[in-house]
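> Sharing a structure below in C-alpha cells format, with a few things to ask.
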Amino acid sequence: MLGMSLLMGLSVSSFADLTLNSNPVTSQKRPISWSTNEAKELLLSEDAEGIDLTPQGSTTSSTTLRLGRAPTAVSDTRYSNNLGPSVQAGSALVMDAKTGEVLFSKNSNFSRPMASITKLMTAIITADAHLNMSEEITLDPIDFVGPKQASTRLRAGDTMNRAEVLLMALMKSENPAAAALARTYPGGKPAFIAAMNAKSHQLGMTSTRYYESTGLDARNVSSARDLAILVTEAYKYGVIRQFSSTPHYDFNLGYRMLNASNTNALVRNGEWNINLSKTGYINEAGRCVVMHTTVNSRPAVVVLMGEPSTQARNADATDLLTWLSGLPQDI
132 MLGMSLLMGL
142 SVSSFADLTL
152 NSNPVTSQKR
162 PISWSTNEAK
172 ELLLSEDAEG
182 IDLTPQGSTT
192 SSTTLRLGRA
202 PTAVSDTRYS
212 NNLGPSVQAG
222 SALVMDAKTG
232 EVLFSKNSNF
242 SRPMASITKL
252 MTAIITADAH
262 LNMSEEITLD
272 PIDFVGPKQA
282 STRLRAGDTM
292 NRAEVLLMAL
302 MKSENPAAAA
312 LARTYPGGKP
322 AFIAAMNAKS
332 HQLGMTSTRY
342 YESTGLDARN
352 VSSARDLAIL
362 VTEAYKYGVI
372 RQFSSTPHYD
382 FNLGYRMLNA
392 SNTNALVRNG
402 EWNINLSKTG
412 YINEAGRCVV
422 MHTTVNSRPA
432 VVVLMGEPST
442 QARNADATDL
452 LTWLSGLPQD
462 I
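Numbering (this note's numbering), first residue to last: 132 to 462.
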C-alpha cells in the first residue's frame, strides 16, 4: 500500500501525516512522501505554498473577490469575435488565476450536471476534517450502490488507507472511493453532504448543489463560474494538487496490483503544466474537465462542461491552452 513501510512512524490521530512535495507554479513534482513534521502546514486549507491569493490592498476573501463578480461581469459576446477558439462545450470559462480576470467565457453562469467534478469538493471536505490519512478503509458493498452503475476496478472488501482512497478518487475518479470517503466521515454520508453544500455556500457558489459525493447523481449541478471558484479553493490544498495531477500510480493491495492512470490525457502526456485536474462524465453532464494550469508564467483556471466526447474535451482544452499561451500578460 501507499507508503506502508513508512507509516509505522506516523501519528495515528492526525490528518497531517501526509506530506506532498509539489510546486504549484512549476511542472516539477517530487515523489509522494510521508512525514510527521511538515504535513500539517501543507494540508491546512489556507496553505498555498507561499502564493498570495488575495489581490494587494484587499481584505476580502480571495475566492469571493476574484471569482464572485468577475465571471458575471463579462458578456459572453466579448469572445465571439476571434478573441478565443470555438469550443464544443456547452459551458466554458478561462480565468487568470492571479488577477481573477475572465479571459474566455461561454454560458459560464448556466447550471448543469457536473459529474465527477463533484470529487474536488469531496476532497476538500475530507481535507477540512483533518482525519487520519493512515487509517485503513475497507470498501463496503454500499459504496458500490448509487443512482448509476459505473465501471470500476475496485471490489467490496478492498482495503486501503485514507490517502490511497483519496488518490483513487481524484486521479482515477473511482466512485466507490469517493463514496467511502463520505461514509467514513464523522456523522456519515448525511453530514458529509451537508458539509459539501455548506462549503459551496460559503464560497459563493450560488449555482451549485450536491446530493452525493461521487457525481453519479445528475442532481449534482454547478456552473462554469462556480467550478472556477471550486478550482481556486481546491488549489490551496497541496494534497489535492498532488493527487489530482499524478499521471500514474500502482496500488499494491497485498493480494493484487491496480495499475491506475489519470483520467485526464493532458495530465498523462505531460505536455502542459497542469497543477490540478479533474474530469467528469455521466450522460446528463457530457464530458467535463477543470484544470489549474500555468502557461507562460500565467496561472489560469480552465473549465469545460457538456462536451460531446472525450476527444472534443481534449481538443477544446488543448485549443484553449494554446490560445492562452499566445495572450499578452496584460490582456
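Ideal Cβ positions, reconstructed from N, Cα and C, are used throughout, including at glycine. Note that the coordinates shown come from a computational prediction; the quantities given were computed from them, not determined experimentally.
If we count the other Cβ atoms within 10 Å of its Cβ and call it buried at 16 or more, is residue 333 buried or exposed?
Exposed: under 16 other Cβ atoms inside 10 Å.
> Is it buried or exposed, residue 213, if we count other Cβ atoms within 10 angstroms and call 16 or more buried?
Caution applies to residue 213, whose pLDDT of 44 falls short of 50 and renders its modelled position unreliable; the value that the coordinates give is listed next. Result: exposed.
> Can you tell me the Cα-Cα spacing of residue 330 and residue 258, whole angstroms?
Going from the Cα of residue 330 to the Cα of residue 258 covers about 12 Å.
> Can you give me the Cβ contacts of residue 313 inside the same chain, cut-off strictly under 6 Å, excluding the 5 residues immediately before and after it?
For residue 313, where only same-chain residues beyond five positions count, the Cβ hits under 6 Å are 320, 323, 344.
> Please classify residue 388 as buried or exposed, where buried requires at least 16 other C-beta atoms within 10 Å of its C-beta.
Answer is exposed; the Cβ neighbour count stays below 16.
> Please name the residue or residues paired with residue 296 in a DSSP beta bridge.
Beta-bridge pairing links residue 296 to no other residue.
> With H, G and I counted as helix, E and B as strand and the rest as coil, what does DSSP make of residue 330?
Helix at residue 330.
> Where are the alpha helix (DSSP H) runs, 4 residues long or more, that stay fully inside the stretch 337–404, in chain order?
Segments of the alpha helix (DSSP H) lying fully in the stretch 337–404: 355–365, 369–375, 396–400.
> Please determine, among 266, 280, 278, the residue with the shortest C-alpha to C-alpha distance to residue 297.
Closest option to residue 297, Cα to Cα, is 266.
> Is the distance from the Cβ of residue 480 to the Cβ of residue 407 below 8 Å?
Residue numbering for the chain in the displayed model covers 132 to 462; residue 480 lies beyond these limits and cannot be assessed.
> Using 10 angstroms around the beta-carbon of residue 350, count the other beta-carbons present and answer buried if the total reaches 16, otherwise exposed.
Exposed, because fewer than 16 other Cβ atoms sit within 10 Å of the Cβ of residue 350.
> If we ignore side chains and look at the alpha-carbon of each, how far apart do residue 281 and residue 459 end up?
Going from the Cα of residue 281 to the Cα of residue 459 covers about 43 Å.
> Measuring CA to CA, which of 442, 385, 430 is closest to residue 232?
Cα-wise, what sits closest to residue 232 is 430.
> Cutting at 7 Å between CB atoms, please list the residues of its own chain near residue 456, excluding the five before and the five after it.
Here the set comprises 426, 427.
> Using only CA atoms, which one of 245, 416, 442, 452 lies nearest to residue 433?
Residue 433 has its Cα closest to that of 452, out of 245, 416, 442, 452.
> Which same chain residues, not among the five before or five after residue 454, have their C-beta less than 7 Å away from its C-beta?
Hits under 7 Å: 215, 216.
> Looking only at its own chain, which residues have a Cβ that is under 6 Å from the Cβ of residue 299, when we skip the five neighbours before and after it?
For residue 299, where only same-chain residues beyond five positions count, the Cβ hits under 6 Å are 305, 308.
> Identify whether residue 323 lies in helix, strand or coil by the three-state DSSP scheme.
The answer is helix: DSSP assigns residue 323 an H, G or I state.
> Could you give the distance in angstroms between the alpha-carbon of residue 244 and the alpha-carbon of residue 384?
One C-alpha to the other measures close to 33 Å.
> Considering only the alpha carbon of each residue, which of 301, 239, 273, 279 lies closest to residue 378?
Among 301, 239, 273, 279, the Cα nearest to that of residue 378 belongs to 301.
> Following the continuous beta strand (DSSP E) through residue 236, name the residue where it begins and the one where it ends.
233–237 is the extent of the beta strand (DSSP E) around residue 236.
> Can you say whether residue 381 is buried or exposed, counting buried as having 16 or more other CB atoms within 10 angstroms of its CB?
Classification of residue 381: exposed, given that the 10 Å Cβ count is below 16.
> Can you say whether residue 527 is buried or exposed, counting buried as having 16 or more other CB atoms within 10 angstroms of its CB?
With the chain covering only 132 through 462, there is no way to say anything about residue 527.
> Considering just the uninterrupted stretch of the beta strand (DSSP E) at residue 429, what are its terminal residues?
Start and end: 429–438.
> Could you round the C-beta distance between residue 247 and residue 411 to whole angstroms and report it? I think they count as a contact, below 8 Å.
About 4 Å separates the two Cβ atoms, so the contact holds.
> Would residue 355 and residue 224 qualify as a contact pair, given that the criterion is a beta-carbon distance under 8 Å?
A contact, by the Cβ cut-off of 8 Å.
> Where do the ends of the alpha helix (DSSP H) carrying residue 252 lie?
Run containing residue 252: 249–259, per the alpha helix (DSSP H) assignment.
> Which residue's Cα is closest to the Cα of residue 359: 401, 399, 424?
Answer by Cα proximity: 424.
> Just to confirm before moving on: does the CB-CB distance between residue 255 and residue 368 stay below 8 Å?
Against a cut-off of 8 Å, the Cβ pair of residue 368 and residue 255 comes out as a contact.
> Since residue 424 is in the beta strand (DSSP E), which residue starts that stretch and which ends it?
It spans 417–426 - the beta strand (DSSP E) in which residue 424 sits, taken as one unbroken run.
> Closest by CA to residue 401, which one among 391, 328, 376?
When each option's Cα is compared against that of residue 401, the closest is 376.
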